[in-house]
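Chains as they are written, first to last, in our numbering: chain A, 46 to 162; chain B, -1 to 115.
Even glycine gets a Cβ: it sits at the ideal position worked out from N, Cα and C.
Structure, as C-alpha cells:
As C-alpha cells, this is what we get:
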C-alpha cells in the first residue's frame, strides 16, 4: 500500500513570494490534515478536510494561507505572500473514517521543508 | 482546551536498557485518545502506540508500552531493550474528544532520545 505522498520535499523562497504544496493521501482515506511543524516544536494543525469539506480550519492564517481538496482526494496548500515565520515543515496526514469509534491512526507524509529568506 | 506537556527535551539511554519518556495531558473530555509518534531525522512521523481513555489495560506494541495513569493524567511511553535505531524525536499527542468529526491531534513539544552504544 502506497503511503501519503507530498511534493516538493524542499522549497526555498523569498519573503512575499507565493508557494504551493501538494499532498496525495492513502487511497480510501476520507480525512486529510495539514500540519505545520516549526523547528523544535510539535506539529500544529492548520486544516482538516473530510472528503472535500473543511472540518476545522480554526488555526489557519486565512489572510495568507489557503487550502483545497476539490475532488476529495489530493490537496493543495498555498501561502501567499510568505513571511519569514512561515519557515517550517508542512506535514500532510490522512486517516480512514470508520463507522465506529476506534483508533483513528493518522498516517503522515514525509513533509515539505519550507525556508523563507 | 487540550494540552500535552513533555518536560524532557532530551534523554540519553544505553543500548539494551529500558527508557521512559514522560507525557502529561490536560482535557476536560471523558472520551479521548493518546498517541505516541516517532520522528527520525528523515522527518516522517511514525505511529507507535495508542491508548483510549476507556481502555482498562495499558497498551503494548512489541517493545513499546504505554503507562497510562488516568488520575494523574499521564501517558508515559516505555521503550524496552533500546536499540540504536530508536534514536529520534518522540511526540506524545492527544485527540479529544473522540466522538466528534474533529480528528486532528494536539502534539507535545517532543523529547529527543539518543541511544548510546
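Rounded to whole angstroms, the gap between the alpha carbons of residue 156(A) and residue 4(B) is 23 Å. DSSP links residue 93(B) through a beta bridge to 31(B).
It is roughly 15 Å from the alpha-carbon of residue 70(B) to the alpha-carbon of residue 0(B). Identification of chain A residues near residue 73(B) by a Cβ-Cβ cut-off of 9 Å yields none; the smallest Cβ-Cβ distance measures about 15 Å.
Distance from the CA atom of residue 72(B) to the CA atom of residue 26(B), rounded to whole angstroms, is 14 Å. For residue 93(A), the enclosing beta strand (DSSP E) starts and ends at 89 to 95. Here residue 137(A) is bridged, per DSSP, to 79(A). In this structure the stretch 102 to 114 of chain B touches the stretch 5 to 15 of chain B; the number of beta carbon pairs closer than 8 Å is three or more.
In this structure, residue 62(B) and residue 47(B) form a Cβ contact; the two beta carbons are roughly 5 Å apart against a cut-off of 8 Å. For residue 74(B), the enclosing beta strand (DSSP E) stretches over residues 72 to 77. The Cβ-Cβ distance between residue 139(A) and residue 49(A) falls below 8 Å.
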